[in-house]
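Input: a single structure, listed below in structure tokens.
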Amino acid sequence: MSYFSNENRFKDLIEKPKDITALLEDKMLLISGDFYGIQKFIFDRLSTKNASKVLRAKSAYIQIFTEYLARYICHELAIKEASIVSMNAGKFEILSSKIDVDLDVIQKTVDDFFIKNFYGLSGVMISSVECQRDDFVDVKKYKALRKKIIDSVEDRKFQKFNLFKEEAYSLLSYDTNLDNTSLCPVCNIRKVEAKKENCSICDGFIELGKKLSFEHIDELVDSDKLGMKFDDFVIDIELSSKIKSYILFDSRSPAEFKVLADNACKESETGIKSLAILKADVDNMGKFLEKSDVTDSFENFDTFSKTMDSFFSVYIPNMMKTKSPNTYTVFAGGDDLFLLGAWDEVLKMAREIEREFKAFVKSDELSISFGIAIAKPSTPISYLADYTEKLLEDAKGIDEEKEVKHPKDALSLFRETVKWSDYLRVYNKLYSSLESFEKHLNTAFLYRLLELIEMSKKVKYSNDIASTMWKSKFRYSFNRNVLEKMKNSDDRKRAEEILELLGGLIDGSPKETKMVVNEFIYKRRES
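By the count of the working numbering, the sequence shown reaches residue 535 at its end, each step adding exactly one.
And the structure:
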């Protein structure tokens with residue numbers, strides 16, 4: 009199996025599989041944990057004013073809790089922590105030699121914790137399947153085991169919190185005396201104790217956020233300080249580079265979103281001061297795992313999963329730090345990504361990520377799709393999370409009702425959804441040409457250009473005959489706003505080349521051209 013590039017810049021990402029030989033027995037139990045409701049956990053009811061203080065911390069909390077729970081299960085079953093065979097992106101798997109175990113007791117402890125502290129908006133579902141040594145030796149049996157694991161996890165998703173039990177009602181009881189003065193201003197859910205600014209849980213997130221700013225990797229966090237103390241089980245958890253990720257810091261605290269927005273277009277005297285919010289996800293991963301030799305063995309699966317996770321949780325944040333520093337990782341791991349930052353840097357980073365992903369992954373069957381929104385920093389973050397998720401869904405739905413060999417690989421941006429290859433083809437042809445010719449292009453002409461692009465779209469996608477007039481209107485507008493003002497023959501020659509380039513792209517690729525022109529306009533607009 010060789011699905012990843014061996015280029016020098018990627019060599020540290022390729023991880024070796026865990027040696028589980030010593031764990032294999034004739035009868036075993038494979039225990040799985042899956043943190044669900046992640047988007048709700050991170051974003052729901054979160055105030056925009058305080059979002060930057062806790063967003064990354066809440067994402068890191070998911071990874072920390074996943075490790076805590078996996079180690080707690082080992083403790084309760086009296087098995088070694090070496091039995092944890094995988095753990096990333098809110099999921100874990102434990103290979104237990106003990107078959108007759110009551111996981112329902114542990115599940116109840118977890119459920120009670122999430123109902124009490126987070127009102128059941130999210131949680132971790134624990135499932136298990138019986139297995140044997142041959143399941144990890146025989147190719148067909150291991151593929152079947154992976155399917156059993158997936159089916160077991162899916163079945164458990166329909167058996168979440170049992171709110172009909174009397175103890176669940178008592179856990180869900182709330183204080184009727186809540187008002188604007190006693191409600192936590194960060195989460196807008198929990199009550200603030202007397203003489204405190206925030207609830208204890210949000211204070212924990214804020215403190216964790218500050219710890220994530222430290223440069224050294226070996227920082228430890230006490231699980232008890234994060235409210236993780238099941239049956240007096242307390243551990244230290246290392247804040248690894250995967251947990252810390254990358255965010256811009258201001259005085260050792262996460263930079264506010266307004267700071268990120270104000271840093272947009274820093275190298276120019278013009279440009280809007282806004283954020284871009286990016287959500288990306290690998291396409292067709294489920295089908296790929298099912299059909300490829302990744303699931304032929306534990307070694308293949310473990311190497312593939314950990315290496316893919318390293319690309320998102322380590323490589324991309326390092327790119328952000330060096331190439332687009334005015335950015336903020338909300339979460340990055342597994343096979344997906346959510347980040348935000350100065351809008352121009354996020355768009356630049358999206359192109360970098362798409363290019364690096366294709367260089368890193370050698371299989372043509374895997375691609376990555378993006379949804380990107382641009383907004384003011386005061387826009388509610390929960391709304392932006394939902395909206396960007398919708399944009400990503402639009403990108404992933406680009407091939408519906410089409411027969412294509414390699415579906416998706418798409419981008420939703422500026423209210424358009426296109427294939428990455430088509431967008432980059434237009435961007436590489438047009439953007440630098442617009443920049444080199446910028447002094448000759450007035451704002452009125454550029455906005456007129458967007459109107460003409462909309463007319464071209466109507467012709468191309470709706471067969472609107474009346475809109476075919478865009479071509480004559482385009483030439484007239486270009487002549488009036490550009491050509492007629494030029495005296496120098498060299499400038500006129502260059503203008504004719506721009507005219508031909510723009511006309512051809514508006515005609516053949518109006519959506520992609522709209523994206524490029526919008527980015528160009530945003531960078532020259534007065535802030």
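Glycine included, C-beta positions come from ideal geometry on N, C-alpha and C.
**Q.** Beta-carbon proximity list for glutamate 559, same chain, < 8 Å, skipping 5 on both sides
**A.** Since the first residue shown for the chain is 9 and the last is 535, residue 559 is missing from the structure and cannot be characterised.
**Q.** Whole-number beta carbon distance between lysine 531 and cysteine 273, since they are thought to touch under 8 Å
**A.** 6 Å
Q. Where does cysteine 82 fall in DSSP's three states?
A. helix
Q) Closest to aspartate 232 by CA distance: which of Asn526, Ser221 and Ile209 is it? A) Ile209
Q) Rounded to whole angstroms, how far is the Cβ of aspartate 52 from the Cβ of leucine 129, which I believe are closer than 8 Å? A) 6 Å
Q.
What does the alpha-carbon distance come out to for the pair leucine 216 and tyrosine 395?
A. 27 Å
Q: Would you tell me roughly how many angstroms separate the C-alpha atoms of glutamate 527 and serine 497, rounded to the nearest one?
A: 29 Å
**Q.** serine 282 versus glycine 41 - alpha carbon distance
**A.** 38 Å
Q) Taking serine 249 as the reference, which of Phe339, Asp310 and Ala284 has the closest Cα? A) Phe339
Q | Heavy atom of the ligand MG within 7 Å of tyrosine 127 beta-carbon | A | Among the components modelled here there is no ligand, and therefore nothing to report on the ligand MG.
(Q) I'd like to know if the segment 258-270 and the segment 380-393 are in contact, where contact means that at least 3 CB-CB pairs between them fall below 8 Å. (A) yes
Q: For arginine 64, count neighbouring C-beta atoms within 10 Å of its own C-beta (all shown protein chains included) and say buried if the count is 16 or more, exposed if not.
A: buried
Q | The alpha helix (DSSP H) enclosing threonine 521, as first and last residue numbers | A | 518-532
Q) DSSP state of glycine 512, grouped into three classes? A) helix
Q) Using 8 Å as the threshold, is the segment 11-26 in touch with the segment 97-111, meaning 3 or more CB pairs across them? A) no
**Q.** Outcome for phenylalanine 306 when other beta-carbon atoms lying within 10 angstroms are tallied against a minimum of 16
**A.** buried
Q: Could you tell me the distance, in whole angstroms, from the CA atom of glutamate 174 to the CA atom of alanine 288?
A: Note that glutamate 174 scores a pLDDT of 48, beneath 50, so its modelled location is shaky; the value from the coordinates is reported in the next line. The straight-line gap from Cα to Cα measures roughly 41 Å.
Q: Quick one: using the 10 Å Cβ neighbour count with 16 as the cut-off for buried, is glycine 516 buried or exposed?
A: exposed
Q. Can you find at least 3 beta carbon pairs, one from the segment 131-140 and one from the segment 32-40, that sit closer than 8 Å?
A. yes
Q. In whole angstroms, what separates the C-alpha of leucine 457 from that of glycine 512?
A. 13 Å
**Q.** Sufficient close CB pairs (3 or more, under 8 Å) joining the segment 417-430 to the segment 488-495
**A.** no
Q | In DSSP terms, what alanine 288 is bridged to | A | Leu345 and Phe378
Q: Please state whether DSSP places tyrosine 431 in a helix, a strand or coil.
A: helix
Q.
By alpha-carbon positions, which one of Pro193, Asp146, Cys192 and Val132 ends up nearest to arginine 164?
A. Val132
Q) Whose CA, out of Gly342, Thr476 and Leu347, lies closest to the CA of serine 94? A) Gly342
Q.
Suppose you measure from the CA of phenylalanine 482 to the CA of methionine 357; what does that come to, to the nearest Å?
A. 32 Å
Q. Do three or more CB pairs link the segment 364-379 to the segment 309-328 at distances below 8 Å?
A. yes
Q. Looking only at DSSP bridge pairs, what is lysine 262 linked to?
A. Note on residue identity: the sequence assigns proline, not lysine, to residue 262. Proline 262 is bridged to Phe257.
Q) What are the start and end residues of each continuous beta strand (DSSP E) run of 3 or more residues lying completely inside the segment 266-332, in chain order? A) 283-290
(Q) Cutting at 8 Å between CB atoms, please list the residues of its own chain near lysine 427, excluding the five before and the five after it. (A) Ile406, Asp417, Ala418 and Leu419
(Q) Can you give me the C-alpha to C-alpha distance between tyrosine 177 and aspartate 239, rounded to a whole angstrom? (A) Residue confidence for tyrosine 177 is low, a pLDDT of 48 falling below 50, so the modelled location carries little weight and cannot support an answer.
Q.
Check for me: the alpha helix (DSSP H) holding methionine 463 runs from which residue to which?
A. 451-470
(Q) Using a 10 Å radius around the Cβ and a threshold of 16 neighbouring Cβ atoms, would you call asparagine 16 buried or exposed? (A) exposed
Q) Which residues share a DSSP beta bridge with aspartate 230? A) Asp244
Q: Could you please give the first and the last residue of the uninterrupted beta strand (DSSP E) stretch that includes cysteine 139?
A: 131-139
Q) So serine 249 is in the alpha helix (DSSP H); what residue range does that whole segment cover? A) 249-252
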